[in-house]
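Colleague:
Residue numbers (the working numbering): 2 to 182.
1. What did DSSP end up calling residue 10 once you bin it into helix, strand or coil?
2. Between residue 103 and residue 32, what straight-line distance do the alpha-carbon atoms span, to the nearest angstrom?
3. Which class does residue 29 belong to by DSSP, given the choice of helix, strand or coil?
4. Between which two residues does the alpha helix (DSSP H) holding residue 101 run?
5. Do you know how far the Cα of residue 69 is from the Cα of residue 12?
6. May I ask you to list the residues that DSSP assigns as paired with residue 73?
7. Just grab the DSSP bridge partners of residue 169 for me.
8. Run the CB neighbour count on residue 39, radius 10 Å, all protein chains shown included, and call it buried at 16 or more, exposed below.
9. Leaving aside the five residues before and after residue 163 along the sequence, list all residues of the same chain whose C-beta is less than 7 Å from its C-beta, in chain order.
10. Considering only the beta carbon of each residue, do residue 95 and residue 85 sit closer than 8 Å?
11. Less than 8 Å between the C-beta atoms of residue 72 and residue 48, yes or no?
12. Since residue 66 contacts residue 88 with CB under 8 Å, what's their CB separation in whole angstroms?
13. With distances taken from CA atoms, which of 150, 6, 161 is nearest residue 50?
14. Do you know how far the Cα of residue 169 is from the Cα of residue 182?
15. Would you call residue 53 buried or exposed, if buried means 16 or more other Cβ atoms sit within 10 Å of its Cβ?
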């Protein structure tokens, strides 16, 4: 697997990855999540042009099997979306993308990765907790995270319990953020 910036012509493939990654939500009685539209091409292009859209590509054909989009929010790099195609699941692809994002955050002088996610979905909050993310309490939410949560609530995501999570990115030494230590 190789982590690299997304190419402009790959953005429709990222939408396909998102659709495939969303399908398992149907089994958790979350059909609205399974059927949710992926980010629009112009949204993905905005992240790509900003240098905040990375793909994990197969080494043999360089085709993306996963992607991550992020943006700086307050003092952190906020992971807006990380999606892994089910055929590439359970191979450390998501963890590798998060480690890459943590490296980028550190290079940009940001102190952490943040994300919002479903609290009770096994491949969401419990997974991120295993990677070193911790759930933030309400008083710990930054203004940017509060804005993101309000946008998610307006989109209807609060029908299921959600949390904000944060993982620090080490400045020097230690293990890469997001990787088991």
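All C-beta atoms in this analysis are idealised placements derived from N, C-alpha and C, irrespective of residue type, glycine included. All values derive from a computational prediction rather than experimental measurement.
Modeller: Inspection of the coordinates gives the following:
1. Locating residue 10 in the chain shown gives position 9, counting from the first residue. The answer is helix: DSSP assigns residue 10 an H, G or I state.
2. As a first step, residue 103 must be located in the chain shown, where it is residue number 102. As a first step, residue 32 must be located in the chain shown, where it is residue number 31. When rounded, the distance between both Cα atoms is 31 Å.
3. If you number the chain shown from 1, residue 29 lands on position 28. Helix, per DSSP.
4. As a first step, residue 101 is located in the chain shown; it is residue number 100 there, counting from the start. From DSSP, the alpha helix (DSSP H) with residue 101 extends over 94 to 108.
5. Stepping through the chain shown from its first residue, residue 12 is reached at position 11. Stepping through the chain shown from its first residue, residue 69 is reached at position 68. About 12 Å.
6. The residue labelled residue 73 in the question sits at position 72 within the chain shown. The partner list for residue 73 (beta bridge, DSSP) reads 78.
7. Indexing the chain shown from 1 puts residue 169 at position 168. In DSSP, residue 169 forms a bridge with 113.
8. Position 38 of the chain shown, counted from the start, is the residue given in the question as residue 39. The residue in question, residue 39, is buried, as its Cβ has 16 or more Cβ neighbours within 10 Å.
9. The count along the chain shown starts at 1 and reaches residue 163 at position 162. For residue 163, where only same-chain residues beyond five positions count, the Cβ hits under 7 Å are 117, 118, 119, 120, 153.
10. As a first step, residue 95 must be located in the chain shown, where it is residue number 94. As a first step, residue 85 must be located in the chain shown, where it is residue number 84. Their beta carbons are under 8 Å apart, which means residue 95 touches residue 85 by this criterion.
11. Reading the chain shown from its first residue, position 71 is the one you call residue 72. Reading the chain shown from its first residue, position 47 is the one you call residue 48. Yes, these two residues count as a Cβ contact at 8 Å.
12. Your numbering for residue 66 matches position 65 in the chain shown. Your numbering for residue 88 matches position 87 in the chain shown. Yes, they are in contact, since the Cβ atoms of residue 66 and residue 88 sit about 7 Å apart, within 8 Å.
13. Within the chain shown, the letter at position 49 stands for residue 50. Here the closest residue by C-alpha is 6.
14. In the chain shown, the residue the question calls residue 182 occupies position 181. In the chain shown, the residue the question calls residue 169 occupies position 168. Because residue 182 sits at a pLDDT of 31, beneath the cut-off of 50, its placement in the model cannot be relied upon, and the following sentence gives the value as read from the coordinates. The straight-line gap from Cα to Cα measures roughly 13 Å.
15. For the purposes of this step, residue 53 is identified with residue 52 of the chain shown, where counting begins at 1. Under this definition residue 53 is a buried residue.
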